[in-house]
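For the sequence shown, the tail end lands on 258 under my numbering, and the numbers increase by one without skipping. Positions of the beta carbon are idealized from the N, C-alpha and C atoms, including for glycine.
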Amino acid sequence: MVKTCFDFVRPSFYLLFPLLFLCASISPSGSDQFVIWNVGQGQWTTYVTLNECFHTDFGGEKFNLRAVSQLCAKKKNLFFPTHLDHDHVGFHAKLSRAFSSHCVFLHEHIIAKTGDTKKKIFHANQCEYKPQYIQILLPNIKKASQQRRVTNRNPTSASVVIKNKIWISGDAPKKQERLWLKHLNKQIDIWVLGHHGSQTSTDSSVLVHLKNLKTIVASQRYLKHRHPSVAALKTLKVRGHLPLLTEHWGNVIFQF
Ligand SMILES: [Zn+2]
């Protein structure tokens, strides 16, 4: 059974979705949890098990160390950046100080064109294993890696499937979303929208493929980049979906 909680509960939403369980705080729990943190414009999610916190991305405009520590300070912390844009990895230095026991997953081709300080930072703490409940989908970036300079890292974005139930599609563009469809379990029921709900992501074919989607979340702040876009919202609406926005709801928490 999946329960959904929010940091800030809005009565109007409760009326729309009366079957959802809402709670007002984040607390350690005996069961698995999945959190999409409200970081403003950016992305940071955490899947919490008994012994581990698996973080997909760790960037944004605001950093809620207290809340993350409450869940993860006593666990092993594994960090996976979908790609290296600042709004996805910007908190790395702070996290390194906050969690002495942590490591970062990095696939070489993701940073093939990032021969800078970031590469050194991440190489310092490489994870030695991947949890079995995680499926990492890598991008097809042959064309991107042939370019001399990469000005847009979104095509280099990887994505993550957790327990065949959750898909976090990074900032991958529509074309890549379509290429990944054949790897996506149709039982996935939670989707963290690609590129914060930008018009360059959210391909309609995903919604056709993932027939069991129950909850869609966009990690964003509208005033920064106009995310989610009108185009993405329209695509979702056609299929009967209304996304939860972290900007409105705060941290979104699923309990399994
Ligand atoms: Zn982004």
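- In this structure residue 47 does not touch residue 138 by the C-beta definition: roughly 14 angstroms separates them, more than the 8 angstroms allowed.
- Short of 7 angstroms from the beta carbon of residue 157, and not among the five residues preceding or following it, lie these beta carbons of its own chain, in chain order: 141, 143, 146, 175 and 178.
- The three-state secondary structure of residue 174, taken from DSSP, is coil.
- Excluding sequence positions up to five before and after residue 65, its CB lies within less than 8 angstroms of the CB of 41, 93 and 96, all in the same chain and listed in chain order.
- As summarised for the region 59 to 89, the continuous beta strand (DSSP E) elements at least 3 residues long and confined to that stretch are 78 to 82, given in chain order.
- Residue pairing by DSSP puts residue 57 in a beta bridge opposite 48 and 81.
- Between residue 105 and residue 80, the C-beta gap is smaller than 8 angstroms, which places the two residues in contact.
- Taking a cut-off of 7 angstroms from the heavy atoms of ligand 1, the residues with a C-beta inside it are 44, 45, 87, 89, 90, 173, 197 and 198.
- The Cβ atoms of residue 194 and residue 221 sit closer than 8 angstroms to each other.
- Collapsing the DSSP output to three states places residue 235 in a helix.
- For the options 78, 207, 165 and 59, the alpha carbon positioned closest to that of residue 134 is the one of 165.
- Rounded to the nearest angstrom, the Cβ distance from residue 185 to residue 209 is 17 angstroms, too far for a contact under 8 angstroms.
- Here residue 158 carries a helix assignment [DSSP, helix/strand/coil].
- Inside the region 200 to 248, DSSP marks whole alpha helix (DSSP H) runs of 4 or more residues at positions 206 to 211, 224 to 227 and 232 to 240, from first to last along the chain.
- If you draw a 10 Å sphere on the C-beta of residue 188, you find fewer than 16 other C-beta atoms in it, and that means exposed.
- DSSP, read as helix, strand or coil, puts residue 193 in strand.
- According to DSSP, residue pairing for residue 139 in a beta bridge involves 161.
- DSSP, reduced to helix, strand and coil, places residue 185 within a helical segment of the structure shown.
- The C-beta separation of residue 238 from residue 204 comes to about 7 angstroms, placing the pair in contact by the 8 angstroms criterion.
- A residue is called buried once 16 or more other Cβ atoms fall within 10 Å of its Cβ, and residue 236, having fewer, is exposed.
- For residue 225, the closest of 245, 83, 249 and 212 by C-alpha to C-alpha distance is 249.
- Distance from the CA of residue 252 to the CA of residue 39, rounded to the nearest whole angstrom, comes to 7 angstroms.
- Residue state for residue 254 is assigned as strand, using DSSP reduced to three classes.
- Judged by DSSP secondary structure, residue 104 falls within the beta strand (DSSP E) whose first and last residues are 104 to 106.
- For residue 98, the enclosing alpha helix (DSSP H) has its first and last residue at 94 to 100.
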